[in-house]
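Asks:
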Amino acid sequence: MGKPKTIIEKIWDRHVVHQEPNKPDLIYIDLQLVHEVTSPQAFEGLRMKGRSVRRPDRTFATMDHNVPTIARHIINDPVSKKQMETLKENCKEFNVPLADIDHPDQGIVHVIGPELGLTQPGKTIVCGDSHTSTHGAFGALAFGIGTSEVEHVLATQTLWQAPPKTMNVQVTGKLSPAVTAKDLILAIIAKFGVRFGTGYVIEYTGEAIRNLSMEERMTVCNMSIEAGARAGLISPDQTTFDYLENRRHVPKGEAFDKVVKDWSSLATDDGAHYDATVEIDADEVEPQVTWGTNPSMCIPVSGQIPAPESAKSEAAKEEIERALEYMGLEANQPISSVNIDHVFIGSCTNSRISDLRRAAKVVEGKTVHSAVHAMVVPGSQTVKLAAEAEGLDKIFTAAGFEWREAGCSMCLAMNDDIVPPGERCASTSNRNFEGRQGNGARTHLVSPEMAAAAAVEGRFVDVRNYLATPV
Amino acid sequence: MEPIRKHSGLVYPINRSNIDTDQIIPKQFLKRIERQGFGQFLFYNWRFDNEGNKRKDFSLNDAKYDGASILVAGENFGCGSSREHAPWALQDFGFKVIIASSFADIFYNNCVKNGILPVQLSEQQTKELVEKSEGKSYTLSVDLEKQIVFDSEGFKADFELKNYLREMLLNGWDEIAVTLTHEDRIDAYEKANA
Ligand code: SF4
Numbered sequence: 000m001g002k003p004k005t006i007i008e009k010i011w012d013r014h015v016v017h018q019e020p021n022k023p024d025l026i027y028i029d030l031q032l033v034h035e036v037t038s039p040q041a042f043e044g045l046r047m048k049g050r051s052v053r054r055p056d057r058t059f060a061t062m063d064h065n066v067p068t069i070a071r072h073i074i075n076d077p078v079s080k081k082q083m084e085t086l087k088e089n090c091k092e093f094n095v096p097l098a099d100i101d102h103p104d105q106g107i108v109h110v111i112g113p114e115l116g117l118t119q120p121g122k123t124i125v126c127g128d129s130h131t132s133t134h135g136a137f138g139a140l141a142f143g144i145g146t147s148e149v150e151h152v153l154a155t156q157t158l159w160q161a162p163p164k165t166m167n168v169q170v171t172g173k174l175s176p177a178v179t180a181k182d183l184i185l186a187i188i189a190k191f192g193v194r195f196g197t198g199y200v201i202e203y204t205g206e207a208i209r210n211l212s213m214e215e216r217m218t219v220c221n222m223s224i225e226a227g228a229r230a231g232l233i234s235p236d237q238t239t240f241d242y243l244e245n246r247r248h249v250p251k252g253e254a255f256d257k258v259v260k261d262w263s264s265l266a267t268d269d270g271a272h273y274d275a276t277v278e279i280d281a282d283e284v285e286p287q288v289t290w291g292t293n294p295s296m297c298i299p300v301s302g303q304i305p306a307p308e309s310a311k312s313e314a315a316k317e318e319i320e321r322a323l324e325y326m327g328l329e330a331n332q333p334i335s336s337v338n339i340d341h342v343f344i345g346s347c348t349n350s351r352i353s354d355l356r357r358a359a360k361v362v363e364g365k366t367v368h369s370a371v372h373a374m375v376v377p378g379s380q381t382v383k384l385a386a387e388a389e390g391l392d393k394i395f396t397a398a399g400f401e402w403r404e405a406g407c408s409m410c411l412a413m414n415d416d417i418v419p420p421g422e423r424c425a426s427t428s429n430r431n432f433e434g435r436q437g438n439g440a441r442t443h444l445v446s447p448e449m450a451a452a453a454a455v456e457g458r459f460v461d462v463r464n465y466l467a468t469p470v
Numbered sequence: 000m001e002p003i004r005k006h007s008g009l010v011y012p013i014n015r016s017n018i019d020t021d022q023i024i025p026k027q028f029l030k031r032i033e034r035q036g037f038g039q040f041l042f043y044n045w046r047f048d049n050e051g052n053k054r055k056d057f058s059l060n061d062a063k064y065d066g067a068s069i070l071v072a073g074e075n076f077g078c079g080s081s082r083e084h085a086p087w088a089l090q091d092f093g094f095k096v097i098i099a100s101s102f103a104d105i106f107y108n109n110c111v112k113n114g115i116l117p118v119q120l121s122e123q124q125t126k127e128l129v130e131k132s133e134g135k136s137y138t139l140s141v142d143l144e145k146q147i148v149f150d151s152e153g154f155k156a157d158f159e160l161k162n163y164l165r166e167m168l169l170n171g172w173d174e175i176a177v178t179l180t181h182e183d184r185i186d187a188y189e190k191a192n193a
């Protein structure tokens with residue numbers, strides 16, 4: 000046997016098309032996912048040079064960022080409308096399959112890829128979207144690219160990329176009940192910062208990761224970019240194969256057995272070397288709430304908002320001061336004393352069926368606080384239908400939640416779902432940047448359970464006690 | 000893409016870390032289907048108040064910085080969303096060189112692909128440049144062939160740039176055309192992996 004390799008190196012080696020000295024490698028891209036916001040200029044670029052899409056069969060498009068989540072066909076903003084129409088025309092002209100707004104497969108690009116079985120172990124996957132790292136949950140090398148690169152992949156099905164450095168994020172121990180994959184990834188970013196992954200592809204390993212379901216793994220990998228890493232992945236195992244079996248684009252029968260054999264060989268070899276390793280103990284992770292304007296500004300729900308004086312450097316101190324001012328919070332305030340105005344359950348981080356099930360369990364039989372506007376936006380039409388078949392929509396609407404159509408919605412507020420200036424939102428999405436959910440909006444990132452409990456109480460509560468207390 | 004070899008210009012400093020692409024260009028301006036015209040939306044929520052008036056307390060609105068073409072910022076510049084609208088907005092506004100103590104990966108690549116030169120200097124060096132340019136009209140020069148940044152007062156710093164990216168910027172290459180010279184390799188790869 001040769002030198003032990005990480006899954007990252009194995010996937011890389013399989014995809015090198017061309018190498019020459021002093022240049023990055025030219026690597027083959029197995030799948031490109033496309034959405035309406037980052038693609039128009041790429042298609043326009045092809046048109047201007049008279050180029051075509053090399054492999055429409057390895058390209059898949061959907062509409063998610065701009066789509067209305069109520070009154071599906073009333074798109075108030077003419078520029079949004081134009082962008083969606085442009086995607087439709089581009090897909091038609093270049094023969095790219097599209098799940099448009101009326102299509103039963105429509106949904107957030109990172110939700111539908113796995114759902115349809117397009118996402119598979121060992122693939123190289125790109126999309127003009129930074130949360131493409133989500134697909135790494137399957138043991139794929141998946142990363143976000145800019146629009147120029149979208150055009151490059153459309154034209155050539157390849158990209159010039161330097162081999163990445165590898166990092167092992169080892170998660171030992173077990174997550175406690177009601178502590179979720181979302182809390183884990185937030186705790187990782189809080190511990191190591193928003194830059195620790197820059198230049199690396201992360202592999203998440205360890206007992207706590209192995210015990211996660213596929214949907215939980217997607218939540219973890221999704222937020223790799225918030226740690227600066229372009230990609231994060233998890234070696235495939237039986238959990239991965241079970242999820243993929245019988246999905247539409249996955250081989251069936253004997254062909255499936257064969258492909259599973261190949262996928263199994265991708266997992267990182269014992270003794271493989273990583274360029275860096277960090278460790279975190281899952282036993283110590285509590286439910287998390289972000290208090291500031293980047294995802295590392297995050298504390299356990301039992302914690303207090305930090306004081307600027309606690310910062311290690313002058314720059315960090317100023318950052319905390321600015322974040323407190325933007326967020327309208329006081330130093331040393333317990334996070335559980337913060338009242339909220341909105342709850343958003345959705346986004347490619349936490350809008351899958353298991354997320355909705357867990358949130359529904361928290362709100363079942365309860366009522367949304369009178370001061371709170373709450374909504375659930377399923378990640379895809381498929382998730383929506385599945386949730387309705389189980390009656391989850393009824394649980395949410397009976398509690399006072401709005402039940403919406405699939406899309407990105409309030410994760411980035413590009414459609415009409417906007418948090419007004421100065422108002423506060425408990426959100427299951429992935430970014431709490433200034434203005435992300437609307438100009439002046441204040442975002443707190445949490446798990447679906449925590450968001451659901453916050454909706455009922457009007458403030459942040461420890462969902463662990465909450466679930467334990469009979470009402 | 001316009002080649003870039005040497006550039007001298009007015010410096011605009013923005014002394015913050017972790018400036019994300021949501022700040023560089025807020026999402027409400029990502030809906031256009033063209034590449035041009037994004038400069039008017041650069042740092043929109045910082046430059047303009049809710050009524051769309053220029054904020055006096057945001058330094059880019061200061062006439063002193065009119066025509067600035069070199070931006071200096073703190074660490075992790077361009078983190079967050081992969082939107083190429085961020086470099087498009089910076090470029091359309093007139094910035095040709097971005098100096099920071101570190102950059103987010105995707106943003107860094109996106110700059111080069113659009114002919115913007117990203118220059119990574121040490122924290123100490125960026126701090127010095129911020130001090131030199133804050134509230135003042137300060138001109139800096141960049142020579143990409145020599146890979147140096149310098150001013151007329153004796154400041155001089157080397158910077159690294161991958162060979163390939165340097166060539167691309169110096170020559171203003173169309174990367175797709177370069178790749179298509181290897182089309183036979185791509186065909187062969189597809190055949191072998193069909
Ligand atoms: S849900 Fe949010 S993070 Fe995910 S793709 Fe949509 S906008 Fe991006």
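Each protein sequence line maps, in turn, to chains Z and W. Here the first sequence is numbered in numbering that gives the first Met the number 0, starting from 0 and rising by one per residue. Here the second sequence is numbered in numbering that gives the first Met the number 0, starting from 0 and rising by one per residue. C-beta atoms are modelled at their ideal positions from N, C-alpha and C, and glycine is treated no differently. Keep in mind the model is a prediction, meaning the values are calculated, not measured.
Quick one: Cα of glycine 44 of chain Z to Cα of isoleucine 69 of chain W, how far?
Replies: Cα to Cα, the separation comes out at about 27 Å.
Asks: Determine, for phenylalanine 432 of chain Z, whether the minimum Cβ-Cβ distance to residues of chain W falls below 8 Å.
Replies: Judged by the 8 Å Cβ criterion, phenylalanine 432 of chain Z is in contact with chain W.
Asks: Buried or exposed: threonine 5 of chain Z, going by 16 or more other Cβ atoms within 10 Å of its Cβ?
Replies: Burial call: buried.
Asks: Please classify lysine 9 of chain Z: is it buried, with 16 or more other beta-carbons within 10 angstroms of its beta-carbon, or exposed?
Replies: With 16 or more Cβ atoms within 10 Å of its Cβ, lysine 9 of chain Z is classed as buried.
Asks: Do the CB positions of glutamate 404 of chain Z and isoleucine 69 of chain Z come within less than 8 Å of each other?
Replies: Yes.
Asks: Which residues does DSSP list as the beta-bridge partners of arginine 441 of chain Z?
Replies: In the DSSP output, where bridge partners are listed per residue, arginine 441 of chain Z has Z/Arg423.
Asks: Given a cut-off of 8 Å on the beta-carbon distance, is the pair glycine 345 of chain Z and valine 382 of chain Z in contact?
Replies: In this structure, valine 382 of chain Z does not lie closer than 8 Å to glycine 345 of chain Z by Cβ.
Asks: Is there at least one Cβ from chain Z nearer than 8 Å to arginine 46 of chain W's Cβ?
Replies: No, arginine 46 of chain W does not count as interfacial toward chain Z.
Asks: Relative to the ligand SF4, is the shortest distance from any of its heavy atoms to the C-beta of asparagine 429 of chain Z smaller than 7 Å?
Replies: For the ligand SF4, at least one heavy atom lies less than 7 Å from the Cβ of asparagine 429 of chain Z.
Asks: With 16 as the cutoff for other CB atoms within 10 Å, does tyrosine 11 of chain W come out buried or exposed?
Replies: Buried is the call here.
Asks: Helix, strand or coil for glutamate 363 of chain Z per DSSP?
Replies: Looking at glutamate 363 of chain Z - three-state DSSP - the assignment turns out to be coil, as it is neither helix nor strand.
Asks: Is it buried or exposed, methionine 222 of chain Z, if we count other Cβ atoms within 10 angstroms and call 16 or more buried?
Replies: Methionine 222 of chain Z comes out buried.
Asks: Bridge partners of methionine 374 of chain Z, per DSSP?
Replies: According to DSSP, methionine 374 of chain Z bridges with Z/Phe343, Z/Glu401.
Asks: Which parts of the segment 96-139 of chain W are runs of the beta strand (DSSP E), unbroken and 3 residues or longer, counting only runs that do not cross its ends?
Replies: DSSP runs (the beta strand (DSSP E)) wholly in the segment 96-139 of chain W: 96-99, 116-119.
Asks: For a minimum of 3 consecutive residues, which ranges assigned as the beta strand (DSSP E) are wholly contained in the segment 276-354 of chain Z?
Replies: Listed in chain order, the complete beta strand (DSSP E) runs (minimum 3 residues) inside the segment 276-354 of chain Z are 287-289, 297-299, 341-344.
Asks: For alanine 450 of chain Z, which residues in the same chain have their Cβ closer than 6 Å to its Cβ, ignoring the five residues on either side in sequence?
Replies: Correct list, in chain order: Val342, Ile344, Ala425, Thr427.
Asks: Taking 7 Å as the cut-off, is the CB of leucine 411 of chain Z close to at least one heavy atom of the ligand SF4?
Replies: Correct: leucine 411 of chain Z has its Cβ closer than 7 Å to the ligand SF4.
Asks: Taking 7 Å as the line, does the beta carbon of serine 426 of chain Z fall inside it for any heavy atom of the ligand GTP?
Replies: In terms of ligand content, the structure shown lacks the ligand GTP and carries the ligand SF4 instead.
Asks: Does DSSP put valine 470 of chain Z in a helix, a strand or coil?
Replies: Annotation note: pLDDT 42 at valine 470 of chain Z (below 50); position unreliable, coordinate value reported separately. Here valine 470 of chain Z sits in coil by DSSP.
Asks: Residues of chain W with CB under 7 Å from leucine 411 of chain Z, in chain order?
Replies: Residues of chain W passing the Cβ test: Lys26.
Asks: Using a 10 Å radius around the Cβ and a threshold of 16 neighbouring Cβ atoms, would you call leucine 169 of chain W buried or exposed?
Replies: Exposed.
Asks: Let's test the definition: count the other Cβ atoms within 10 Å of the Cβ of alanine 386 of chain Z and tell me whether it reaches 16, buried, or not, exposed.
Replies: The residue in question, alanine 386 of chain Z, is buried, as its Cβ has 16 or more Cβ neighbours within 10 Å.
Asks: Taking 8 Å as the cut-off, does the segment 59-73 of chain Z touch the segment 402-421 of chain Z (at least 3 CB pairs, one atom from each stretch)?
Replies: Yes, they touch.
Asks: Kindly indicate which three-state DSSP category leucine 29 of chain W falls into: helix, strand or coil?
Replies: Coil.
Asks: Which residue's Cα is closest to the Cα of proline 86 of chain W: W/Asp142, W/Asn108, W/Gly73?
Replies: Selected option, being the one with the closest Cα: W/Asn108.
Asks: Please report the Cβ distance between isoleucine 28 of chain Z and leucine 158 of chain Z, rounded to the nearest whole angstrom; I am assuming they are in contact, meaning their Cβ atoms lie under 8 Å.
Replies: Isoleucine 28 of chain Z to leucine 158 of chain Z, Cβ: 6 Å. Contact.
Asks: What would DSSP say about glutamine 105 of chain Z, mapped onto helix, strand or coil?
Replies: Here glutamine 105 of chain Z sits in coil by DSSP.
Asks: Compare the beta carbon distance of serine 379 of chain Z and isoleucine 107 of chain Z with 8 Å and say whether it is the shorter of the two.
Replies: In contact: serine 379 of chain Z and isoleucine 107 of chain Z (Cβ atoms closer than 8 Å).
Asks: Any idea what DSSP makes of asparagine 167 of chain Z, helix, strand or coil?
Replies: Three-state DSSP puts asparagine 167 of chain Z in a strand.
Asks: For chain W, check one thing: does any of its Cβ atoms lie closer than 8 Å to the Cβ of serine 309 of chain Z?
Replies: For serine 309 of chain Z, the answer is no, since every Cβ of chain W falls outside 8 Å of its Cβ.
Asks: So, does the CB of histidine 181 of chain W fall closer than 8 Å to a CB anywhere in chain Z?
Replies: Interface residue, yes.
Asks: For serine 101 of chain W, which residues in chain Z fall below 8 Å Cβ to Cβ?
Replies: Near serine 101 of chain W (Cβ distances below 8 Å), the residues of chain Z are Arg194, Thr197.
Asks: Give a yes or no on whether 8 Å exceeds the smallest Cβ distance from glycine 1 of chain Z to chain W.
Replies: No, no contact with chain W.
Asks: DSSP on histidine 84 of chain W, reduced to helix/strand/coil?
Replies: Three-state result, histidine 84 of chain W: helix.
Asks: Any chance the CB of serine 140 of chain W is under 7 Å from a heavy atom of the ligand SF4?
Replies: It does not: the Cβ of serine 140 of chain W is nowhere closer than 7 Å to a heavy atom of the ligand SF4.
Asks: In chain order, what residues of the same chain have a beta carbon less than 6 Å from the beta carbon of valine 418 of chain Z, not counting five sequence neighbours either side?
Replies: Contacts found: His341, Cys424, Gln436, Gly437, Ala440.
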